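K.L.:
Structure in structure tokens, see below.
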Amino acid sequence: MNIVVEAKQIKKVYGAKGNIFSALEDIDLTVMEGEFVGIMGPSGAGKSTLLNILATIDDPTTGNIVVDGINLTKMNEEQLSAFRRDKLGFLFQDYNLLDTLTVKENIILPLALAKLNIKELERRADEVADKFGIRDILNKYPYQISGGQKQRTAASRAIISKPSLILADEPTGALDSKSATDLLESLKDLNEQDKATILMVTHDAYAASYCNRVLFIKDGKIFTELVKGKRSRKEFFNKVLDVLSALGGGANDVI
Amino acid sequence: MTLFSLARKNIKGNFNNYFVYFVTLVFSMVIYYTFTSLQYSEKIQESIELSDTMSFMFGVSSIILILFVAIFILYSNSFFTRKRKKEVGLYAILGLRKKTIAKMLFYENLVIGIIALVIGIILGTLLSKLFAMILIKLMGSITDVDFGISFLAITQTVIVFMVIILFTSVQGYRLIYRFKLIELFYAEKKGEQIPKVSLISAVIGVLLLVVSYWLILKPFPDEFTTEYLIKNYGIAFVALFIGTHLFFRSVTVYLLRLSQRNKSRYYRGTRIIETSRLLFRIRGNARTFTVIALLSSATICFLGATYSGYYSNEKRTEEVVPFSYSHLSKGPEFDSQVESIIKADHRHPIKAQLDIPVIQVKGILSFQLDYDINPVQLISESTFNKAANALNKDETVSLSRNKAAVIQPRFTEYTKSVFKGENITIQLPQESSKLPFVHMVESNVLPFDYPDFFLVVSNEMFAEIAKKEAPLTYKVYEVENEVTAQATSKKVNKLVGNDFQVSSSFYTEYKQGKEGNAITLFIFGFLGLVFLAATGSIIYFKQLTEANEAKGHYEILRKIGVSRKDIRKSIKKQSLFVFGLPLTVGILHSCVTLYFTSNFMSNLIGINLIVPILTAIVFFVIIYAVYYVLTVNTYNRIVNK
Ligand SMILES: Nc1ncnc2c1ncn2[C@@H]1O[C@H](COP(=O)(O)OP(=O)(O)OP(=O)(O)O)[C@@H](O)[C@H]1O
Ligand SMILES: [Mg+2]
């Protein structure tokens with residue numbers, strides 16, 4: 281099995297002289313192809329920072345990251361943009377949909393930017409719309425649809441270009457439990473059937489229980505790691521809760 | 036903390052928001068102050084010969100300027116207030132009393148206004164010297180501009196702007212009372228809806244434009260009455276106004292929508308982003324676009340028309356006063372007195388000196404001509420040829436014994452064909468003779484005097500008639516570099532009096548024309564500059580507000596994988612559309628209107644408008660281009676850094 285993400289000795293320092301704050305300290309992370317990895321930790325632990333660095337939106341102070349065999353630290357802005365477009369899919373808590381585009385236009389945007397031919401583009405749009413059950417809202421605008429539908433639209437956009445890695449930052453954060461479950465089920469299907477590699481930051485133990493593996497971060501360092509293995513989701517969920525209470529601070533985030 | 040200091044703190048904290056508004060205020064004040072100080076400048080009024088016209092023109096324009104400036108300030112004030120509604124709502128939620136907030140906003144506005152006024156007047160004092168120099172240069176005077184502070188102008192500027200500032204301050208005071216809290220919070224969200232396509236209004240828009248163009252371009256009817264003028268062009272203007280608005284509101288929406296239909300183009304690259312953003316913004320921009328298009332076309336028109344007056348002044352003067360000096364001979368003593376004045380001017384040596392004998396007779400045309408031809412002025416073939424030669428015109432006539440050539444009466448458009456095959460009967464005391472027209476020439480020999488009907492006859496004929504009707508003799512002189520012969524012209528004018536309806540010396544006529552034209556050109560140029568800067572700024576402000584609202588939009592795009600370079604390109608394309616569209620429509624409108632004006636004007640004075648119009652358009656495009664670059668850079672800095 282291939283390695284999709286290999287991050288070594290990631291360090292992120294904010295601030296200038298005198299007032300330095302280190303958000304990440306020597307993080308090592310390896311994600312294999314087809315893994316569904318969760319990242320948890322108290323607020324301010326550095327989860328979003330780590331995800332943004334992997335997403336090439338932010339750059340690390342020091343450290344080395346290889347995604348899909350490509351060394352990110354050696355690329356210029358334009359190459360990074362192309363990399364994001366072709367290799368990565370994003371999912372954020374606040375959806376990040378463009379309100380000037382219809383649902384369909386939002387979904388196909390990455391393909392349009394990659395100048396894919398129109399036939400293939402339409403075919404893939406149909407495919408993901410079916411997968412996430414948003415076929416009948418394709419011609420609506422984001423302000424006309426619900427939060428759950430927005431997140432499924434964002435998810436469709438994240439996977440339409442068949443990225444090597446899907447990055448999600450609290451994707452269920454703004455959803456009710458039904459919509460959250462729908463989305464998580466879809467992500468699980470994607471992971472199991474399409475062998476998509478997913479990295480998901482979450483505060484929600486229930487969401488984390490869908491992962492194969494959960495990393496816990498505290499104060500910018502890796503605190504521990506839980507692997508689901510042969511456990512049922514219920515068992516895994518309880519395990520996650522145990523670690524969270526041991527972690528402290530984050531415990532109040534658990535619903 | 037006193038209210039006053041809270042207001043001051045606010046200004047400091049919100050500097051960016053205030054800055055744009057502040058610049059608008061200062062700009063308006065500088066412009067107004069400059070203008071009034073020119074108006075009141077005695078130095079300038081002394082140095083020209085047309086000061087009555089000048090102060091009248093200045094007076095009228097300064098009223099236009101006040102109106103415009105007031106509208107511009109109110110516009111940017113409401114713009115600025117809209118950005119702050121949320122902040123005001125926040126104060127209210129934090130528990131500040133309405134009255135306190137209202138007072139705070141009042142003081143804020145007042146403080147900004149007064150600071151802007153002080154800066155405006157200081158900058159205005161500096162700038163007015165520059166503009167005074169430009170005006171004097173345009174008029175061709177050689178006065179030194181030693182240009183101090185004009186207290187009259189300061190007082191007037193302060194009064195006018197204090198009224199405007201007080202008004203906006205009161206508006207600020209009332210803001211919190213005028214809106215519900217919820218409205219204050221959602222102030223920025225308004226207007227962000229995808230516009231619906233209305234085919235009907237798009238079609239009506241196009242139709243109205245076509246109709247108005249057709250009305251404007253329609254050739255003049257034979258009978259050109261005021262009623263026709265008002266009806267035809269009144270309807271044309273209304274149609275143009277509504278048509279332009281519908282064009283921006285519906286036609287562009289329709290076209291953008293249409294461009295979305297072609298999926299394989301639309302779904303390719305960043306076009307999808309640009310098109311959709313433009314579609315979203317267009318409704319909110321339609322009114323601004325309309326105002327800008329109409330304002331810029333009006334400015335181009337006026338600028339083009341006045342510039343062409345200025346530009347063709349020399350040519351026009353040469354037609355009206357062909358020789359440097361002309362006067363009626365009043366005996367050898369008088370004539371030599373004039374001659375010695377002209378000869379004494381060594382800086383303008385005489386190139387040619389002629390006697391032009393003219394016989395005035397009564398004539399009857401063989402056809403109807405709506406021009407009063409009597410008395411007909413006869414000159415001989417050789418006189419005409421010598422005069423034309425002296426004026427460097429290559430027109431010559433050679434006539435057989437009893438044929439005649441007509442000189443085209445000035446300010447008319449008669450063509451050769453009018454006179455072809457016709458004749459004139461000259462009535463002399465005992466007999467009359469019939470002279471067929473064989474020719475029409477366009478060179479004039481004497482200064483304009485109504486009626487302007489000159490007939491060139493053969494030398495024999497002239498000599499024959501001269502026996503019965505004694506000719507008058509005009510003395511004409513052509514000197515080197517006649518456009519600068521100020522002193523001599525003054526002396527000659529004093530001596531010879533009014534032999535003609537126009538001045539008897541070229542310089543005087545030229546200078547008066549130049550000054551009159553320079554003032555109009557300067558005023559229209561000045562107003563044009565103000566309109567241009569104002570419209571440019573309005574687009575600039577709008578784009579910046581939009582940039583601030585669109586920050587999130589571009590952040591998402593960057594996350595999805597659009598490079599900074601592509602985002603910049605995309606911003607460029609959108610800004611080009613936003614600046615280019617109203618400008619293009621404005622230029623088109625002005626071309627059509629100028630086509631009409633030039634038809635109209637060349638009927639009157641026969642001048643060519645192409646160079647001046649092109650100059651005005653190029654000037655406009657350049658200034659807009661500067662604003663475009665500025666906008667792209669700032670926009671880019673806001674969303675792409
Ligand atoms: N631009 C920045 N400048 C300075 N400090 C920052 C910046 N961005 C993040 N931080 C700090 O880095 C730390 C990690 O932030 P991060 O957003 O990664 O936390 P998180 O784990 O995602 O928290 P949450 O669960 O609340 O989203 C925080 O203490 C935050 O204050
Ligand atoms: Mg976070």
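Chains as they are written, first to last, in my numbering: chain A, 281 to 535; chain B, 36 to 676. All residues carry an ideal CB built from backbone N, CA and C; glycine is no exception. Note that this is a predicted model, so its numbers are computed, not measured.
#1: Could you check if LEU639 of chain B is buried or exposed, using at least 16 other CB atoms within 10 Å of its CB as the buried criterion?
#2: Indicate whether ALA520 of chain B and ASP407 of chain B have their beta-carbon atoms separated by less than 8 Å.
#3: Measuring straight from C-alpha to C-alpha, what distance separates VAL499 of chain B and LYS397 of chain B?
#4: Could you work out which residues of chain A lie near GLY304 of chain B, taking near to mean beta carbons separated by less than 8 Å?
#5: Any heavy atom of ligand 2 within a distance shorter than 7 Å of the CB on ASP449 of chain A?
#6: Contact between the segment 344 to 363 of chain B and the segment 547 to 556 of chain B: three or more CB pairs below 8 Å?
#7: Pull up the CB-CB distance for LYS297 of chain A and PRO340 of chain A, whole angstroms please, since I reckon it's below 8 Å.
#8: How is ASN299 of chain A classed by DSSP in three states: helix, strand or coil?
#9: Starting from SER468 of chain B, follow its DSSP beta bridges and name the residues at the other end.
#10: Within 7 Å: the Cβ of TYR294 of chain A and any heavy atom of ligand 1?
#11: Chain C partners of ILE307 of chain B, CB-CB under 9 Å?
#12: Kindly indicate which three-state DSSP category ASP366 of chain A falls into: helix, strand or coil?
#13: Taking 8 Å as the CB-CB limit, is HIS280 of chain B close to chain A?
#14: To the nearest angstrom, how far is the alpha carbon of LEU313 of chain B from that of VAL620 of chain B?
#15: DSSP puts HIS474 of chain B in a beta bridge; with which residues?
#16: Going straight from the alpha carbon of LYS121 of chain B to that of GLU584 of chain B, what length do you get?
#17: Locate the alpha helix (DSSP H) running through ALA325 of chain A, then write down its first and last residues.
#18: Assuming VAL531 of chain B and SER539 of chain B make a contact with CB atoms under 8 Å, what is their CB distance in whole Å?
#19: If distances are taken between C-alpha atoms only, which option among B:GLU309, B:ILE156, B:LEU158 comes closest to ILE606 of chain B?
#20: Indicate the three-state DSSP secondary structure (helix, strand or coil) for ARG382 of chain B in the structure shown.
#21: When you compare only the Cα positions, how much space is there between LEU506 of chain A and LEU378 of chain A?
#22: Step through the CB atoms of chain B and report whether any lies within less than 8 Å of the CB of SER466 of chain A.
#23: With 8 Å as the threshold, decide whether the Cβ of ARG432 of chain A is near any Cβ in chain B.
#24: Below 8 Å between beta carbons: does that hold for LYS428 of chain B and SER478 of chain B?
#25: Please identify the residue among B:THR669, B:PRO506, B:ALA440 whose C-alpha is closest to the C-alpha of SER493 of chain B.
#26: Would you kindly work out how many angstroms separate the C-alpha atoms of PRO322 of chain A and SER328 of chain A, rounded to a whole number?
#27: Cβ of PHE91 of chain B less than 8 Å from any chain A Cβ?
#28: Alpha carbon to alpha carbon, how far is LYS498 of chain A from LEU371 of chain A?
#29: Can you confirm whether the segment 582 to 602 of chain B touches the segment 283 to 294 of chain B when touching is taken to mean that 3 or more C-beta pairs between the two stretches lie within less than 8 Å?
#30: Taking Cβ-Cβ distances shorter than 9 Å, what residues in chain B pair up with LEU418 of chain A?
#31: What does SER361 of chain A touch in chain B if you count any residue whose Cβ is under 7 Å from its own?
#32: Tell me whether GLU581 of chain B sits in a helix, a strand or coil according to DSSP, three-state version.
#33: Determine the chain A residues that contact SER299 of chain B at a beta-carbon separation under 7 Å, and present them in chain order.
#34: Hey, is LYS498 of chain A close to ligand 2, as in C-beta under 7 Å from one of its heavy atoms?
#35: With a cut-off of 8 Å, does the C-beta of GLY641 of chain B fall near any C-beta of chain A?
P.N.:
Reading from the atomic positions:
#1: Start at 1 with the first residue of the second sequence, and residue 639 of chain B comes out as number 604. Because the pLDDT at LEU639 of chain B is just 49, under 50, the model does not fix this residue reliably, and the value given afterwards should be weighed accordingly. Burial call: exposed.
#2: As a working mapping, residue 520 of chain B is identified with position 485 in the second sequence. As a working mapping, residue 407 of chain B is identified with position 372 in the second sequence. No, Cβ-Cβ distance for ALA520 of chain B and ASP407 of chain B is not below 8 Å.
#3: On the second sequence, residue 499 of chain B is found 464 positions in, with the first residue counted as 1. On the second sequence, residue 397 of chain B is found 362 positions in, with the first residue counted as 1. For the sequence presented, residue 499 of chain B should be read as Glu rather than Val. Cα-Cα distance, rounded: 16 Å.
#4: Numbered from 1 along the second sequence, position 269 holds the residue referred to as residue 304 of chain B. Those within 8 Å of GLY304 of chain B in chain A are ALA392, LEU393, LYS395.
#5: What you label residue 449 of chain A is simply residue 169 of the first sequence in a count that begins at 1. Yes; taking the cut-off as 7 Å, the Cβ of ASP449 of chain A has a heavy atom of ligand 2 nearer than that.
#6: Touching, yes.
#7: Translated into the one-based positions of the first sequence, residue 297 of chain A becomes position 17. Translated into the one-based positions of the first sequence, residue 340 of chain A becomes position 60. Not quite, the Cβ-Cβ distance comes to about 19 Å (not below 8 Å), so this is no contact.
#8: For the purposes of this step, residue 299 of chain A is identified with residue 19 of the first sequence, where counting begins at 1. Residue state, collapsed to three classes: coil.
#9: Here residue 468 of chain B is taken as the residue at index 433 of the second sequence, counted from 1. Bridge partners of SER468 of chain B: B:ILE461.
#10: As a first step, residue 294 of chain A is located in the first sequence; it is residue number 14 there, counting from the start. Within the cutoff, so yes.
#11: Here the protein chains are A and B, and chain C is not one of them.
#12: Looking up residue 366 of chain A in the first sequence gives position 86. In the structure shown, the three-state DSSP call for ASP366 of chain A is helix.
#13: Counting from one through the second sequence, the residue named residue 280 of chain B turns up at place 245. For HIS280 of chain B, the answer is no, since every Cβ of chain A falls outside 8 Å of its Cβ.
#14: The sequence position of residue 313 of chain B within the second sequence is 278, counting from 1. The sequence position of residue 620 of chain B within the second sequence is 585, counting from 1. Going by the C-alpha atoms only, they are around 17 Å apart.
#15: Position 439 of the second sequence, counted from the first residue, corresponds to residue 474 of chain B. In the DSSP assignment, HIS474 of chain B is bridged to B:ALA440.
#16: For this step, residue 121 of chain B is matched to residue 86 along the second sequence. For this step, residue 584 of chain B is matched to residue 549 along the second sequence. Those two C-alpha atoms are separated by around 14 Å.
#17: Position 45 of the first sequence holds residue 325 of chain A. Segment: none, ALA325 of chain A is in no alpha helix (DSSP H) and carries neither H nor E.
#18: Here the question's residue 531 of chain B lines up with position 496 in the second sequence. Here the question's residue 539 of chain B lines up with position 504 in the second sequence. Contact flag correct, Cβ pair sits at about 5 Å.
#19: One-based indexing of the second sequence puts residue 606 of chain B at position 571. The candidate whose alpha carbon is nearest that of ILE606 of chain B is B:GLU309.
#20: By 1-based counting over the second sequence, the position of residue 382 of chain B is 347. Reduced to three states, the DSSP call for ARG382 of chain B is coil.
#21: Position 226 of the first sequence, counted from the start, is the residue given in the question as residue 506 of chain A. Position 98 of the first sequence, counted from the start, is the residue given in the question as residue 378 of chain A. If you take the alpha carbons of LEU506 of chain A and LEU378 of chain A, they lie about 36 Å apart.
#22: Counting from one through the first sequence, the residue named residue 466 of chain A turns up at place 186. No, SER466 of chain A does not count as interfacial toward chain B.
#23: To locate residue 432 of chain A, count along the first sequence from 1; it is residue 152. No, because no Cβ of chain B sits closer than 8 Å to the Cβ of ARG432 of chain A.
#24: By 1-based counting over the second sequence, the position of residue 428 of chain B is 393. By 1-based counting over the second sequence, the position of residue 478 of chain B is 443. Closer than 8 Å, so yes.
#25: Here residue 493 of chain B is taken as the residue at index 458 of the second sequence, counted from 1. Of the candidates B:THR669, B:PRO506, B:ALA440, the one whose C-alpha sits nearest the C-alpha of SER493 of chain B is B:ALA440.
#26: Stepping through the first sequence from its first residue, residue 322 of chain A is reached at position 42. Stepping through the first sequence from its first residue, residue 328 of chain A is reached at position 48. Straight through space, the alpha carbons of SER328 of chain A and PRO322 of chain A are spaced by roughly 11 Å.
#27: Taking the second sequence and counting its residues from 1, one reaches residue 91 of chain B at position 56. By this cut-off, PHE91 of chain B is not an interface position.
#28: The count along the first sequence starts at 1 and reaches residue 498 of chain A at position 218. The count along the first sequence starts at 1 and reaches residue 371 of chain A at position 91. When rounded, the distance between both Cα atoms is 23 Å.
#29: no
#30: Sequence index remark: in the first sequence, residue 418 of chain A carries index 138 (1-based). What LEU418 of chain A touches in chain B: nothing, since even the nearest Cβ is about 13 Å away.
#31: Here residue 361 of chain A refers to the residue found at position 81 of the first sequence. Within chain B, the residues near SER361 of chain A are GLY596, VAL597, SER598.
#32: Translated into positions along the second sequence, residue 581 of chain B becomes position 546. Here GLU581 of chain B sits in helix by DSSP.
#33: Position 264 of the second sequence, counting from 1, holds the residue named residue 299 of chain B. Result: ILE398.
#34: In the first sequence, residue 498 of chain A corresponds to position 218, counting from 1. LYS498 of chain A Cβ: outside cutoff for every heavy atom of ligand 2.
#35: For this step, residue 641 of chain B is matched to residue 606 along the second sequence. With a pLDDT of 49 at GLY641 of chain B, under the threshold of 50, the modelled position of this residue cannot be trusted, and the question is left open.
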